[in-house]
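Structure first, commentary second.
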Amino acid sequence: MSASREPLIRVRGLANRFGQHSVHENLDLDLYPGEILGVVGGSGTGKSVLLRSIVGLLRPSAGRIEVFGEDLPQLPARDRSRVERRFGVLFQRGALFTSLTLQENVALPLIEHAGLPRADAEALARVKLALAGLPGEVAILYPAELSGGMIKRAALARALALDPEVLFLDEPTAGLDPIGAAAFDRLILTLRDALGLSVFLVTHDLDTLYAACDRVAVLSRRRVRVADRLDIVAATDDEWIHDYFHGPRGRAAYRAAHPEESP
Amino acid sequence: MKEPGYIDQHGNHLTIVGDWTLPYYAALRLELDRRPRHETTATTIDLTKLRALDTAGAALLMELVGARWLAEIDERAPELPTTRRALLRTLGEAMIDNPPPSARPGRPLWDTLARTGQHVEGIWQQQYQLLGFIGQVLATLAVTAWWPRRWRLTSMVAQLHQTGLNALPIVALLTFLVGAVVAFLGATVLRDFGTTIYTVNLVAFAFLREFGVLLAAILLAGRTASAFTAQLGAMKVNEELDAVRTLGLDPIELLVLPRVLAMMLSLPILTFVGMLSGILGGALVCLQALDISLIQFLAILQRDIPLNHFLVGLAKAPLFAFLIAVIGCLEGFKVSGSAQSVGEHTTSSVVQSIFVVILLDAVAALFFMEMGW
Ligand SMILES: Nc1ncnc2c1ncn2[C@@H]1O[C@H](COP(=O)(O)OP(=O)(O)O)[C@@H](O)[C@H]1O
Ligand SMILES: [Mg+2]
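Here the protein sequences line up with chains R and X, keeping their order. Residue 53 in my numbering is what sits at position 54 of the first sequence, and the numbering runs on without skipping anything. Residue 304 in my numbering is what sits at position 159 of the second sequence, and the numbering runs on without skipping anything.
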């Protein structure tokens, strides 16, 4: 649907190497405005590394990464900070600030970047926490007092703090109960539809892929093997992709997403 | 096209106009605060002139109309686009029956008193825990000593490398400099009495009995106690200590004993090195400033300084080492899941171990003096 438009993020010829160990070679990927791109791949194929290099936490060994039409690694620090403010990132392990309460975690970017007074920022932070599915009374708890799933939700609330244009989510539904994961999928869709977000969604959750993603990119053998609509990706002739989408879990998720075709 | 958001009111009819987004939050907030809190049921609200809307703007809107109104937006404002209604409805549903956390009322005087009390009790608790932990470590040591298969040799050697070998250069350099300073002081003061030759005795006495062990111990307290606390504290935050326990392993045996034993081996060695290089520093000053040759220096050492000074100094090293290591490890175990807590306990472990070292050294000096050793 959006293939004709200019991509928001354009990755070309990306290579990431750690010493002798090469994670990406000559990787190309596009993220279009307003789309939810699912990124899948076996454990250790470099999904998190790809996310980190796009948001500028990792300097790539080679290649270009254009974000909003600008080459992020080449920008001076001030401009980079301006671009990075348009990102919201949910890290794989939450990465909440352990010395701050949940509402302070979410309020921090609002105070620092949006210049809100503290009371307003914390009130708004509680709204975002509620949106992510956390009740008001946990807003004053510290991250150490939370369960893994609650940490994920709080991290989503922080990623949403500045109403970013691009949301990077690293395995957001891992550690959530199935009901929470389904609510999460709906929330992402609602936000995308209402705010026009673009979402870079690393996930292993097949239900999320079927429920929320417009396109799916498969990482395998150091490159993006294919990035397209789900049905096209699922039909790709590749052993790993076949096992992934047509294994028992893949079939179950397909049936859940297409109830009318069930026997 | 940006257009700051505002509220247009005609009687009971509110029209929401413009962009309700984060950049205009402050202005919109002011506008909301200016309005009397009115009954939304009695008014009609028109959202069709609303342009850009993000979650910050939606939160403000919710303050204006209430969460319940937003949750029922499908009936209240069916003319809005589906996507916008979905956002407002989601927000309303999330915030219904979601009261803010009850803030504790601040009572400054009371809180100050309570904190003081907590602090005092904390000091007592700290000593109590330290004694308990020392007992635990000694008990574990006594048990594992009979089981050579449970000795963590590899881990101990690694710790020995870090706490002992890696600290050698800095200990040697520091004691060398202090040795030179002590010799200068001695030379200056003793010159008035014409007895500069006793500078040799001063340097040797000071370093064999006190400075060698004290300087090495203080350095290790700063360098290694903090490292132990930070290592174990980070492991605690990361639930690694819990993992050790659930694997049926004893964290004291696995993590504390190798550190304590490595420390008890390194500090005497470092003390010895500290004594030597302190005396060397003194000897160089004697050579330069007082024309006492190295041979003369050594002869005076041999004649005037009995072995027991060296033994007195060295005997304190294992005790200091034990306490520094135990304090460092205990503070690490006390860390609770935040980065700030790691910092607090690291500070506390350095302060405590330096304090304990100096206090014990003073007590020991008195004791040895009374005993005439
Ligand atoms: N900082 C690092 N140093 C060395 N190797 C790394 C580093 N970060 C990631 N790797 C390697 O990169 C590969 C991809 O990691 P990652 O992106 O975390 O995988 P995943 O796809 O499961 O998220 C792994 O083989 C990992 O060992
Ligand atoms: Mg990962």
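In this text, a Cβ means the ideal position worked out from N, Cα and C, and glycines have one as well. Just so we're clear, the structure is a prediction, and the values are computed from it rather than from any experiment.
Which same chain residues end up closer than 8 Å to residue i when comparing Cβ atoms and leaving out the 5 residues on each side of it in sequence?
i        : result
X:Leu360 : Val316, Leu319, Thr320, Val323, Gly419, Gly423
X:Asp219 : Arg230, Arg234
R:Ala2   : Residue confidence is low: R:Ala2 scores 47 on pLDDT, short of 50, so the model does not pin down where it sits. Its coordinate-derived value is still stated next. Tyr31, listed in sequence order.
X:Val502 : Leu359, Ala362, Ile363, Ala366, Phe465, Leu468, Ile469
X:Tyr170 : Ala201, Gly202, Leu205
Measuring CA to CA, which of the options is closest to residue i?
i        : options                                : result
R:His23  : R:Leu159, R:Asp227, R:Val217           : R:Val217
R:Asp242 : R:Val48, R:Gly41, R:Arg63, R:Gly18     : R:Gly41
R:Arg157 : R:Ile8, R:His112, R:Leu95              : R:Leu95
X:Leu468 : X:Pro244, X:Leu435, X:Gln441, X:Val401 : X:Val401
R:Ala76  : R:Val165, R:Gly55, R:Arg92             : R:Gly55
X:Arg354 : X:His454, X:Ala287, X:Val282           : X:His454
X:Leu377 : X:His155, X:Ile472, X:Trp269           : X:Ile472
X:Ser411 : X:Ala303, X:Lys381, X:Ala434, X:Gly331 : X:Ala303
X:Pro314 : X:Arg368, X:Gly277, X:Ile342, X:Leu254 : X:Arg368
X:Thr200 : R:Leu89, R:Val39, R:Gly18, R:Ala122    : R:Ala122
R:Leu168 : R:Gly43, R:Gly87, R:Ala118             : R:Gly87
R:Leu145 : R:Asp162, R:Ala193, R:Gly174           : R:Gly174
R:Gly147 : R:Ile139, R:Asp192, R:Leu196, R:Glu170 : R:Glu170
R:Leu208 : R:Ala193, R:Leu194, R:Asp227           : R:Asp227
X:Leu192 : X:Tyr151, X:Ile440, X:Ile268           : X:Tyr151
R:Leu133 : X:Thr308, X:Gly277, X:Ala216, X:Pro245 : X:Pro245
X:Glu476 : X:Gln271, X:Ala507, X:Leu439           : X:Gln271
R:Gly179 : R:Thr189, R:Val48, R:Met149            : R:Met149
R:Glu69  : R:Arg9, R:Ala252, R:Phe90, R:Ala153    : R:Arg9
R:Val48  : R:Ile231, R:His20, R:Gln73             : R:His20
R:Arg237 : R:Val223, R:Arg250, R:Arg248           : The sequence as given places Asp at residue 237 of chain R; Arg does not occur at that position. Of the listed residues, the one whose Cα sits closest to R:Asp237 is R:Val223.
Within its chain, find whatever has a CB closer than 7 Å to the CB of residue i; leave out the 5 residues flanking it on each side and keep chain order.
i        : result
X:Arg295 : Thr289, Glu398
R:Ala210 : Asp184, Ala256
X:Arg196 : Glu148, Gly163, Asp164
X:Met301 : Pro403, Leu406, Ala407
X:Pro413 : Leu459, Ala462, Pro463
X:Leu347 : Val327, Gly331
R:Ile110 : Arg117, Ala120
R:Lys46  : Val38, Gly40, Val201, Leu218
X:Ala172 : Pro149
X:Arg180 : none
X:Lys479 : His490
X:Glu224 : Thr193
Just grab the DSSP bridge partners of residue i for me.
i        : result
X:Tyr151 : X:Val162
X:Gly367 : Looking at the DSSP assignment, X:Gly367 forms no beta bridge with any residue, so it has no partner.
R:Asp236 : DSSP, once it has assigned bridges, lists no residue as partnering R:Asp236.
R:Ala14  : R:Ala61
R:Val217 : R:Val39, R:Val225
R:Val66  : R:Ile8, R:Glu69
R:Asp29  : R:Arg9
R:Ser21  : R:Arg16
What does a CB cutoff of less than 6 Å around residue i pick up in its chain, not counting 5 residues either side in sequence?
i        : result
X:Leu386 : Met380, Pro396
R:Met0   : Reliability fails at R:Met0, whose pLDDT of 46 lies under 50, so the model's placement of it is uncertain and no value is given.
X:Ala434 : Ala332
R:Phe244 : Ala233
X:Arg297 : Pro403
X:Val457 : Arg354, Phe513, Trp518
Under the criterion of a Cβ to heavy atom distance below 7 Å, does residue i qualify as lining ligand 4?
i        : result
X:Gln304 : This structure lacks ligand 4; the ligands present are ligand 1 and ligand 2.
**beta strand (DSSP E) runs contained entirely in the segment 160-204 of chain R, provided each spans 3 or more residues** = 165-169, 197-201
**Request:** With a floor of 3 residues, list each beta strand (DSSP E) that falls wholly inside the segment 284-321 of chain X, ordered by position along the chain.
**Result:** none
**Item:** beta strand (DSSP E) segments (min. 3 residues) lying fully within the segment 76-127 of chain R
**Value:** 86-89
**Asked** Where are the alpha helix (DSSP H) runs, 4 residues long or more, that stay fully inside the segment 427-494 of chain X, in chain order?
**Response** 439-449, 452-479
**Item:** Under 7 Å (Cβ pairs) to chain R, residues found in the segment 471-501 of chain X
**Value:** Ser481, Gly482, Ser483, Ala484, Gln485
**Prompt:** Which of the residues in the segment 216-245 of chain X, read from start to end, lie with their CB under 7 Å from any CB of chain R?
**Reply:** Thr228, Arg229, Ala231, Leu232, Thr235, Leu236, Ala239, Met240, Asn243, Pro244, Pro245
**Request:** Could you name the residues of the segment 193-205 of chain X whose beta carbon sits closer than 7 Å to any beta carbon of chain R, in the order they occur along the chain?
**Result:** Asp199, Thr200, Ala201, Ala204
**Asked** What residues in the segment 154-166 of chain R have a beta carbon less than 7 Å from any beta carbon of chain X?
**Response** Leu159, Leu161, Asp162
**Message:** If the cut-off is 8 Å on Cβ atoms, which residues from the segment 163-182 of chain X count as contacting chain R, listed in chain order?
**Reply:** Thr166, Leu167, Pro168, Tyr170, Ala171, Arg174
**Asked** For the segment 172-185 of chain R, which residues have a CB atom closer than 7 Å to at least one CB atom of chain X, in sequence order?
**Response** none
**Prompt:** At what residue ranges does the segment 189-219 of chain X contain a whole run of the beta strand (DSSP E), taking only runs of 3 or more?
**Reply:** 189-191, 195-198
**Request:** Could you please tell me which residues of the segment 82-100 of chain R, in chain order, have their CB closer than 8 Å to any CB of chain X?
**Result:** Phe96, Thr97, Ser98
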